[in-house]
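One structure below.
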Amino acid sequence: MSYVRNAWYVAGWSHELAAEKPFALSVLGERIVIWRTAGGALHALEDRCVHRLAPLSLGRCEGERLRCMYHGLLFDGEGRVVEIPGQETIPPRARVRRYPVADRHSWIWIWMGDEAKADEALIPPAVGLDHPDYILGHGHLDYAAEARLINDNLLDFSHLTFVHAESFGSGPQFAETQARITPLERGVRYERWIENSLGSSSRKSDVPMDNFLAYDFLIPGVLLMTGGVFPLGTAKACGYDQPDLSQAVSGVTFTSQAVTPMKDKSARYFFSWGPRRDQGDATVRDALMGIAAQAFAEDKVMIEAQQQVIDDSPDARIMPTSHDRGVTLFNRLVEKLAREESEAARQAA
297 MSYVRNAWYV AGWSHELAAE KPFALSVLGE RIVIWRTAGG ALHALEDRCV HRLAPLSLGR
357 CEGERLRCMY HGLLFDGEGR VVEIPGQETI PPRARVRRYP VADRHSWIWI WMGDEAKADE
417 ALIPPAVGLD HPDYILGHGH LDYAAEARLI NDNLLDFSHL TFVHAESFGS GPQFAETQAR
477 ITPLERGVRY ERWIENSLGS SSRKSDVPMD NFLAYDFLIP GVLLMTGGVF PLGTAKACGY
537 DQPDLSQAVS GVTFTSQAVT PMKDKSARYF FSWGPRRDQG DATVRDALMG IAAQAFAEDK
597 VMIEAQQQVI DDSPDARIMP TSHDRGVTLF NRLVEKLARE ESEAARQAA
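Under this note's numbering, the letters of the sequence shown match residues 297 to 645, in that order.
What follows is the structure, given as structure tokens:
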């Protein structure tokens, strides 16, 4: 599976990156070190000293610079070696790759492609933990599976009826109804009404209501979803279009989720979830995060098992169903963008 490189990937939660503490990670199979200076500036470099190939993530921050603690070479934030202890001359090739990095929406984002094309306007508009309108919990999970499989899972919510029968599930309706799917320039939009619903398995209602949810799934693998609970008949009254969320009687929440390919067949899944401030508090947030913990653990079991079957059956092919339209649209977009990147790189060579 190809992945888009000219995109911003989530590297981690911003608050977990302490000042002057190098942080090691892998994205798209590339070893990277990120550090934050005492003044708050971010730097990201290839995690490899040019001398003996020791990891720079075991180094020491010195202001805007990072010193390899094997033999002391000092790197600036651009990846250039600026000091070699005991040697006056520094070879021009003494440098490592620099990665554009940004702090936005409570996440650290890293650009994996052509540095000249690193446009921060392409960072998906997630809702950060400090957003004034929401009270959000957060977390992450590591998967022993390709990121693509996690993306596919998030692009087909019909699995909620089965995988999440005891957590997110709302009976057969997710499997029996189709979402409205709209292609976007860099993603796919889903909108879905569940009419005459008594809620999910873990959040039952005594009165039938209409539930609405909508999400954008954006390059490179970021889900931004909101929704709410409305009086019965709202779906039909608004022509099954997107409603005014200010009119929801309950259940208005927001979740930002991101899938980051790490090494081969490993990925990190970041997520937040919580209520709109006028419809919940920290207790509601914690209850939602408890549901999420159960549901995301259910996903992890299924997807990692799926990866094992794929590994053991390399000639088997997936058979799409009608629920896979969004999966197909997104994966075709990824392949298209990846091809364009490859062609641009070929022409530049």
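We treat Cβ as the ideally placed atom computed from N, Cα and C, and that holds for glycine.
Closest by CA to residue i, which one among the options?
| i | options | result |
| --- | --- | --- |
| D574 | A412, T549, P504, D595 | T549 |
| D540 | S552, L509, A554 | L509 |
| P428 | A645, D577, E639 | D577 |
| G535 | Y565, E491, M521 | E491 |
| A398 | T556, L418, C357, H436 | L418 |
| L443 | G325, V392, F371, A412 | A quick correction: the sequence has Ala, not Leu, at residue 443. For the residues G325, V392, F371, A412, the minimum Cα distance to A443 belongs to G325. |
| A414 | V525, V300, N449, L369 | V300 |
| G435 | Q538, P381, T551, P527 | T551 |
| A544 | D560, M558, T522 | T522 |
| S542 | L313, G524, A593, E316 | G524 |
| A591 | F567, Q604, D611, D607 | F567 |
| T333 | Q474, D410, V323, L313 | L313 |
| L529 | V503, T473, D607 | The amino acid at residue 529 is misidentified as Leu; the sequence shows Gly. Per the Cα distances, V503. |
| E416 | Q538, I406, L425, P557 | I406 |
| A422 | A441, D410, I515 | I515 |
| V306 | P396, R363, L633 | P396 |
| L261 | P527, Y486, L362, D506 | Any property of residue 261 remains undetermined from this structure, which presents the chain solely from 297 to 645. |
| G382 | V392, A390, G368, R376 | G368 |
| D537 | A475, S546, R348 | A475 |
| L451 | R613, E316, D512 | D512 |
| G424 | H311, A390, G359 | H311 |
| H347 | A315, V392, R327, D372 | V392 |
| L349 | W331, A390, Q603 | A390 |
| G622 | A441, F453, W331 | F453 |
| N449 | W489, E594, T473 | E594 |
Output needed for residue i: all residues of its chain with C-beta closer than 7 Å, excluding positions within five of it in sequence on either side, in chain order.
| i | result |
| --- | --- |
| R581 | I431, L432, G433, G570, P571 |
| Y439 | I446, S562, A563, Y565, K596, I599, E600 |
| G517 | A443, N447, A554, V555 |
| M505 | S493, V525, F526, P527, L528 |
| A640 | none |
| A588 | F567, W569 |
| D608 | none |
| S498 | In this predicted model, S498 has a pLDDT of only 49, less than 50, meaning its place in the structure is not dependable; the value taken from the coordinates is given anyway. Excluding residues within five positions, the ones whose Cβ falls inside 7 Å are S463, I587. |
| C345 | L352, C364, Y366, L369 |
| V605 | none |
Can you list, in chain order, the residues of its chain with a C-beta nearer than 6 Å to that of residue i? Leave out the 5 residues immediately preceding and following it.
| i | result |
| --- | --- |
| G308 | I404 |
| Q643 | none |
| V329 | P318, A320, L341, D343, L352, S353 |
| L625 | P479, V484 |
| M598 | V459 |
| R628 | none |
| E379 | L370 |
| E374 | R394 |
| R356 | R363, M365 |
| R482 | L514, I515 |
| D303 | The amino acid occupying residue 303 in the given sequence is Ala; Asp does not appear at that position. The residues are I515, P516. |
| P420 | L514, V518 |
| G547 | G524, V525 |
Just list the residues that DSSP pairs residue i with in beta bridges.
| i | result |
| --- | --- |
| V525 | N507, S546 |
| V329 | A320, L341 |
| I477 | Y486 |
| L362 | C357, F371 |
| L437 | Y565 |
| Y430 | R572 |
| R391 | R376 |
| I406 | Y305, V397 |
| D512 | R485, L520 |
| T551 | M521 |
| S493 | M505 |
| A417 | Paired residues: none, contrary to the question. |
| P557 | A563 |
| A315 | R332 |
Taking the alpha helix (DSSP H) that residue i falls in, what are its first and last residues?
| i | result |
| --- | --- |
| D608 | 578-608 |
| I380 | Taken as a continuous stretch (DSSP letters only), I380 belongs to no alpha helix (DSSP H), as it is neither H nor E. |
| T530 | 530-533 |
| A443 | 443-450 |
Indicate whether at least one CB of chain D lies closer than 7 Å to the CB of residue i.
| i | result |
| --- | --- |
| D448 | Any reference to chain D falls outside this structure, which holds one protein chain only. |
Between which two residues does the beta strand (DSSP E) carrying residue i extend?
| i | result |
| --- | --- |
| A398 | 397-400 |
| A641 | Note, A641: premise wrong, no beta strand (DSSP E); alpha helix (DSSP H) at 621-644. |
Quick one: what's got a C-beta closer than 8 Å to residue i's C-beta in the same chain, skipping five residues either side?
| i | result |
| --- | --- |
| S638 | none |
| V323 | Y305, A307, I406, M408, T556, P557, M558 |
| A634 | S298, Y299, V300, R301 |
| P468 | T457 |
Original post:
Is there contact between the region 603-620 and the region 457-466, where contact requires at least three CB pairs shorter than 8 Å?
Top reply: Result no; under three Cβ-Cβ pairs closer than 8 Å.
**OP:** Say whether the region 375-388 touches the region 399-418, bearing in mind that this needs 3 or more beta-carbon pairs closer than 8 Å, one atom from each stretch.
**Re:** As far as the Cβ criterion goes, the region 375-388 does not touch the region 399-418, which means the pair count is below three.
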